[in-house]
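Remarks on the structure that follows.
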Amino acid sequence: MARNKPRLYVVCFFRAPRPGGNPDPYHWGLASGPPNGAMDGMVLYHVRNIPTANGVQWQLEVPARDLSTGPTPGMLTFTTVAKIIDLAHLEQVMSSVPVNANAAWNVFNCQIWVEQALATIVADGGCVGTNAI
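According to the numbering used here, the sequence shown is numbered sequentially starting from 197.
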């Protein structure tokens, strides 16, 4: 396997607490990026609570957010979890992870989505290397 394949990262951002929501002080997501951890070329995949005509709903942010302009002020850490074999397939698999749009925080949130996405990626077997997660 090539040495300079992109990596899959778990990313955590600081989140200011809000009354009645955000019980977790961190926002979780996944990112793909260069193996050296440089921000140039790093892309964020995550679910967010988005105001819609039907109220606030969980949605996968599409298109994924380009982090190449630099880290957002709230970014705390990103941790390598896998070497990406096929980025297009990885993005397809992540977009297939169910998003429970109207769920309460204790039923569905960004951390649960990351856990489900990682489990789906590993089960797929074609996105990341075998020495992963």
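The beta-carbon is built from N, C-alpha and C at its ideal position, and this holds for glycine as well.
Under the assumption that residue i contacts residue j (Cβ atoms under 8 Å), give the Cβ distance between them as a whole number of angstroms.
i: C306; j: W224; result: 5 Å
i: D320; j: V289; result: 5 Å
Name the two residues that bound the continuous beta strand (DSSP E) containing residue i.
i: W301; result: Counting along the chain, W301 falls outside any beta strand (DSSP E), and DSSP gives it neither H nor E.
i: H223; result: 222 to 229
i: L256; result: 251 to 256
i: L272; result: 271 to 279
Smallest Cα separation from residue i: which of the options?
i: A249; options: A297, M290, E257, E287; result: A297
i: H285; options: Y241, N245, I317, P247; result: I317
i: G325; options: V293, I308, A315, I281; result: I281
i: G251; options: V310, A299, N327; result: A299
i: E257; options: W309, K201, R199; result: W309
i: R211; options: D236, N245, M238; result: N245
i: M235; options: V207, H242, P247, K279; result: V207
i: P259; options: P247, A313, V239; result: V239
i: W254; options: V243, A278, N327; result: V243
Using 10 angstroms around the beta-carbon of residue i, count the other beta-carbons present and answer buried if the total reaches 16, otherwise exposed.
i: I269; result: It should be pointed out that residue 269 corresponds to Pro in this sequence rather than to Ile. It counts as exposed.
i: S292; result: exposed
i: G233; result: exposed
i: I264; result: The sequence shown places Ser at residue 264, rather than the Ile named in the question. With fewer than 16 Cβ atoms within 10 Å of its Cβ, S264 is classed as exposed.
i: G237; result: exposed
i: V303; result: exposed
i: A315; result: exposed
Along the alpha helix (DSSP H) that carries residue i, what are the first and last residues, could you check?
i: L314; result: 306 to 320
i: L286; result: 283 to 291
Closer than 7 Å by C-beta to residue i: which residues in its own chain qualify, once you throw out the five before and the five after it? Chain order, please.
i: F209; result: Y222, H223, T268, G270, M271, L272
i: T276; result: R203, Y205
i: N200; result: P231
Looking at chain B, is there any beta carbon in it that lies within less than 7 Å of the beta carbon of residue i?
i: T326; result: Given the protein chain composition of this structure (a single chain), no chain B is represented.
For residue i, which residues from the same chain have a beta carbon less than 8 Å from its beta carbon, with the 5 sequence-adjacent residues on both sides left out?
i: L283; result: P202, S228
Skipping 5 residues on each side, what residues in its chain have a beta carbon closer than 6 Å to that of residue i?
i: R261; result: L240
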